[in-house]
Structure formats: C-alpha cells, structure tokens
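Chemist: Next up is a structure, given as structure tokens.
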Amino acid sequence: MQRSEGTLLLLSIMTPCHLLLFFFFFFFSSSSTNLSDLCPPSSCGNISIRYPFHLRTNDAPEREFFCGYEGFGISCSNGMTPIFTLPSDVYVVREINYETKQFSLVDLDLHFLPCPVPHRNVTLNPASPLRLDPANNNFTFFINCSSSPFLSSAGSSPLNDNPTAPITCLNSSSSSFASGRLYAVPAHQASSARVDWQPVCSRSVLVPYSGVASNRSGGEPAVVRRGFLLDWGQDGRCAACEGSGGLCGCGRGRRFICFCDNGEHASDCHD
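Read in order, the letters of the sequence shown correspond to residues 640 to 910 in my numbering.
Listed below in structure tokens is the structure:
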C-alpha cells in the first residue's frame with residue numbers, strides 16, 4: 640500500500656480527539672523548528688512590523704497570543720494606518736528604525752485633523768522599556784483661552800508682542816474650540832516667560848516633537864505633526880530568553896513564552 644493511502648486509511652479510522660492530537664503534533668514537528676515561522680513579520684501600510692513589535696489581533700488582551708514585547712502591539716486601522724497605544728493617548732506610527740531601536744509617533748488628532756489640538760501630555764508606563772528620546776524638543780499648548788496667558792514684566796497685563804500668535808485655524812466654525820484661542824510656544828520660551836494661564840485657559844499640554852521648530856503663518860507649530868521619537872531597550876523579563884537565542888512573547892492568560900528553534904519554553908531556550 641502506498642504511504643499516502645496508508646495515511647488516508649489511518650485518518651479515516653481516527654476519532655475527532657485523535658485527529659486533533661495528530662494535527663497538533665504534526666504542526667509543531669514541522670513548523671516549530673524555525674523562529675521565522677513562530678515569529679513571522681507583518682506590515683500595515685508602509686510600516687514593517689516585526690520583533691519586538693507585533694500586529695495586534697481583535698482578541699481581548701488576556702486571550703492574545705503573540706511573539707514580541709508586551710505593550711508593543713500595533714493595530715492596523717482600515718488595513719492602512721498603524722496605531723500604537725500609550726497610557727496617555729492613541730498615536731499613529733510614522734516610522735520604525737530597527738537598527739537604532741527608535742520609532743516615531745504622532746498624536747492621532749494632530750495627524751488627521753486640520754487644526755492641531757492635543758488633548759493630554761505624553762505619558763509612559765514606568766515599567767515599560769520605552770523612553771522619550773533625549774533629542775526631542777517640546778511645545779507647550781495653552782488651550783481654549785479667552786486671552787493671552789503671557790503677562791508683561793509687571794505681571795498685570797498681556798504682552799503686546801506674545802511669544803506666539805493664537806493658532807488661526809481655531810476661528811473656523813468646524814473647530815470645537817472656535818469660541819476660544821489656542822496658543823503654542825516652544826517649551827523653553829514658556830518656561831522663561833511670565834505665564835499665568837489658569838485664569839484664562841482651560842488647560843496646558845506639553846507636546847514633544849523631533850526636528851527643528853518652524854511656525855507657519857498664524858502661529859501653527861507645523862513641526863508637531865512630524866511626531867516625536869521613542870527609544871526602546873530590552874524588556875527585563877526577556878533578557879534570559881534573548882540571551883539564549885530565543886524571542887519572547889505571550890500566550891493565553893498573559894503567560895510568558897520564550898520562542899526557540901526547538902519550540903516554546905517557559906523562561907529561556909535551555910530550560
């Protein structure tokens with residue numbers, strides 16, 4: 640009897656439980672010997688997504704199964720826009736440099752909306768291997784102001800020559816802040832000027848950016864649309880796994896996994 644015929648006969652007499660076990664062992668014996676199979680690269684738009692990042696699924700976090708650092712998941716909106724989530728907000732991924740271990744993010748609203756109105760400061764999880772790149776600069780936004788927050792040297796009246804003019808796009812009827820003014824100024828100027836924003840503005844937001852600041856007419860800091868840089872280091876939990884030649888990831892129930900050439904391990908490729 641030919642081998643293929645024998646295999647078909649064997650499959651025909653197996654119970655569903657036997658079939659499940661057969662395919663489980665067949666899959667791992669044929670595909671778990673190569674890390675590129677266990678941790679395949681993917682893409683979203685023009686962004687290549689590979690370790691330590693991973694393409695997020697629609698599964699709940701506790702049911703996700705992935706190869707990569709926890710918290711490094713990238714969602715693909717409409718199959719074209721890579722989205723990365725930080726504790727502070729949702730951001731568009733503009734670029735990932737795997738050689739320098741840096742990637743560029745821009746606030747979702749700054750990326751898509753015609754008028755740049757950031758909602759909150761950028762915050763990172765202290766336990767995360769992510770850090771703001773020291774080359775970033777900052778703009779301070781003063782939002783929904785009734786008048787200028789910048790005071791004269793006497794501290795009694797607004798300066799006639801403000802460090803920056805209000806952003807004129809807020810005069811548009813389509814803006815949710817059409818009734819107020821938005822000011823943006825490089826953070827070092829805001830820290831050196833006399834500022835009393837709380838009586839006249841709803842809030843202030845610090846927005847990092849990479850590159851050289853250059854204001855467009857009307858005071859709009861176009862540079863913040865370029866985004867800011869984040870650096871990543873080694874996830875402390877992955878040191879032993881990566882040191883043994885593996886790649887770390889997460890299984891169902893948020894269980895740590897070390898992916899190795901010979902399959903999955905609990906901590907490193909030698910356990």
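All residues carry an ideal CB built from backbone N, CA and C; glycine is no exception.
Check Ile896 in the structure and name its three-state DSSP category.
Modeler: Position 257 of the sequence shown holds residue 896. Looking at Ile896 - three-state DSSP - the assignment turns out to be strand.
Chemist: Report the start-end ranges of each alpha helix (DSSP H) in the segment 730-782 that is 4 residues or longer and not cut off at the edges.
Modeler: 747-751
Chemist: Got a sec, what are the start and stop residues for the beta strand (DSSP E) Asp676 sits in?
Modeler: As a working mapping, residue 676 is identified with position 37 in the sequence shown. In the DSSP assignment, Asp676 falls outside any beta strand (DSSP E) and lies within the alpha helix (DSSP H) extending over 674-677.
Chemist: Decide yes or no for the touch test of the segment 860-876 against the segment 765-782: beta carbon pairs closer than 8 Å, at least 3 of them.
Modeler: yes
Chemist: For the putative contact between Val745 and Arg759, defined by C-beta atoms under 8 Å, what is the C-beta separation to the nearest angstrom?
Modeler: Here residue 745 corresponds to residue number 106 of the sequence shown, with the count starting at 1. Here residue 759 corresponds to residue number 120 of the sequence shown, with the count starting at 1. Contact flag wrong, Cβ pair sits at about 14 Å.
Chemist: Among Cys678, Pro691, Gly890, which residue has its Cα nearest to the Cα of Leu769?
Modeler: As a working note, residue 769 is residue 130 in the sequence shown. Among Cys678, Pro691, Gly890, the Cα nearest to that of Leu769 belongs to Pro691.
Chemist: Are the CB atoms of Val844 and Ile782 within a distance shorter than 8 Å?
Modeler: One-based indexing of the sequence shown puts residue 782 at position 143. One-based indexing of the sequence shown puts residue 844 at position 205. With a cutoff of 8 Å on beta-carbon distance, Ile782 and Val844 are scored as near each other.
Chemist: Per DSSP, which residues does Pro721 bridge with? Please list them.
Modeler: Taking the first residue of the sequence shown as 1, we reach residue 721 at position 82. Looking at the DSSP assignment, Pro721 forms a beta bridge with Cys715.
Chemist: Roughly how many whole angstroms lie between the Cα atoms of Arg891 and Phe704?
Modeler: As a working mapping, residue 891 is identified with position 252 in the sequence shown. As a working mapping, residue 704 is identified with position 65 in the sequence shown. Taking the straight line from one Cα to the other gives about 6 Å.
Chemist: Which whole-angstrom value describes the C-beta separation of Gly888 and Gly707, a residue pair presumed to lie in contact below a C-beta threshold of 8 Å?
Modeler: Counted from its first residue, the sequence shown places residue 888 at position 249. Counted from its first residue, the sequence shown places residue 707 at position 68. Right, their Cβ atoms sit about 6 Å apart.
Chemist: Express the C-alpha separation of Phe780 and Val834 in angstroms, rounding to a whole number.
Modeler: Numbered from its first residue, the sequence shown carries residue 834 at position 195. Numbered from its first residue, the sequence shown carries residue 780 at position 141. Each residue's Cα considered, the two are about 12 Å apart.
Chemist: Report the residue from Ile896, Pro721, Gln837, Phe742 whose alpha carbon sits nearest the alpha carbon of Phe789.
Modeler: Taking the sequence shown and counting its residues from 1, one reaches residue 789 at position 150. Minimum Cα distance to Phe789 is reached at Gln837.
Chemist: State the DSSP-derived secondary structure class of Ser668, mapped to helix, strand or coil.
Modeler: Translated into positions along the sequence shown, residue 668 becomes position 29. Any reading at Ser668 needs caution, since the residue's pLDDT is 41, under 50, leaving its predicted position unreliable; the model's value is listed next. Note: Ser668 maps to helix in three-state DSSP.
Chemist: Helix, strand or coil: which one does DSSP assign to Gly888?
Modeler: Position 249 of the sequence shown, counted from the first residue, corresponds to residue 888. Strand at Gly888.
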